[in-house]
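Have a look at the structure below before the remarks.
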Amino acid sequence: MKSFAFVALSTLALVSQTTAQLIAYSAPISATQWTAGQPATISWTNSCNEIVGNTTFPVYLNQQVGLYQVQVPGIPELGYLDCKKPGKITVQVPATLPQGNAYSILVTNGGNQSYSALFTILSTIPGSTTSALPTTTLAPVTTTTTVAPITTTSATTTATATPTTKPNQAGSLKTGSQVAFVVVAAVASLLL
Numbered sequence: 760m761k762s763f764a765f766v767a768l769s770t771l772a773l774v775s776q777t778t779a780q781l782i783a784y785s786a787p788i789s790a791t792q793w794t795a796g797q798p799a800t801i802s803w804t805n806s807c808n809e810i811v812g813n814t815t816f817p818v819y820l821n822q823q824v825g826l827y828q829v830q831v832p833g834i835p836e837l838g839y840l841d842c843k844k845p846g847k848i849t850v851q852v853p854a855t856l857p858q859g860n861a862y863s864i865l866v867t868n869g870g871n872q873s874y875s876a877l878f879t880i881l882s883t884i885p886g887s888t889t890s891a892l893p894t895t896t897l898a899p900v901t902t903t904t905t906v907a908p909i910t911t912t913s914a915t916t917t918a919t920a921t922p923t924t925k926p927n928q929a930g931s932l933k934t935g936s937q938v939a940f941v942v943v944a945a946v947a948s949l950l951l
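If you're matching positions, the sequence shown starts at 760 in this note's numbering and goes up one per residue.
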């Protein structure tokens, strides 16, 4: 009986880990290079038969900024992906994209987010091969006040702005699956 409970709970943990990623991309992969202004292929190797209802989802272009993947500003969905069965779609890579090696594809279905591997977009528009959070530095403000002919007081204030971004949920999917596995293992050890 305890062995059955352990096997059942272990299977549940495994299923929760394998279903966290809605789409299993076969393109783009990390070695992929797209060219701005040219068509490109997105392909996947699995089906999403467990989804009831609509299986067609928008495909977005993201770019890694620091530790986060964010949708490329000003770029609407590249197209739509129907995951009823394995397949591929061809999308037009926007010509206005700067060159970079930290782009990814994102498909979402409610709370499920499926990111492709990071890949490169070649462009005649200069870009960056590394990603960093944008920074803003404000000039220092200096104030001088004279109280008496002999006493002078001065103060310097320097302000800096730090941007905030909302992290994507891809890490939480992995963490949630790992937590589920740990909980299952703990419950199973109690049953044994």
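Glycine included, C-beta positions come from ideal geometry on N, C-alpha and C.
Selection from the options that minimises the alpha carbon distance to residue i
| i | options | result |
| --- | --- | --- |
| Gln797 | Ala861, Val850, Thr814, Asn871 | Val850 |
| Gly817 | Ile864, Tyr827, Leu856 | It is worth fixing the name first, because residue 817 is Pro in this sequence and not Gly. Comparing Cα positions, the closest option is Ile864. |
| Gly825 | Thr883, Leu877, Ser882, Ile884 | Leu877 |
| Ala799 | Lys844, Ser789, Ser875, Ile848 | Ile848 |
| Gly870 | Lys843, Asn860, Ile810 | Ile810 |
| Ile801 | Leu856, Cys842, Gln822 | Cys842 |
| Ser882 | Val866, Thr855, Gln780 | Thr855 |
Beta-carbon proximity of residue i to residue j, cut-off 8 Å
| i | j | result |
| --- | --- | --- |
| Ile834 | Gln858 | no |
| Val852 | Thr794 | yes |
| Tyr819 | Glu836 | yes |
| Tyr874 | Gln828 | yes |
Residue burial classification, residue i (beta-carbon count within 10 angstroms, cutoff 16)
| i | result |
| --- | --- |
| Tyr839 | exposed |
| Thr791 | buried |
| Ile782 | buried |
| Asn808 | exposed |
| Asn813 | exposed |
| Ser789 | exposed |
| Pro885 | exposed |
| Pro845 | exposed |
| Pro787 | buried |
Residue range of the unbroken beta strand (DSSP E) whose run includes residue i
| i | result |
| --- | --- |
| Thr705 | Only positions 760 to 951 of the chain appear in the structure, and residue 705 is not among them; the question remains open. |
| Pro817 | 815-824 |
| Ala786 | 784-786 |
| Ser863 | 859-868 |
| Thr879 | 878-881 |
| Asn871 | 871-874 |
| Ile884 | No beta strand (DSSP E) holds Ile884; DSSP gives it neither H nor E. |
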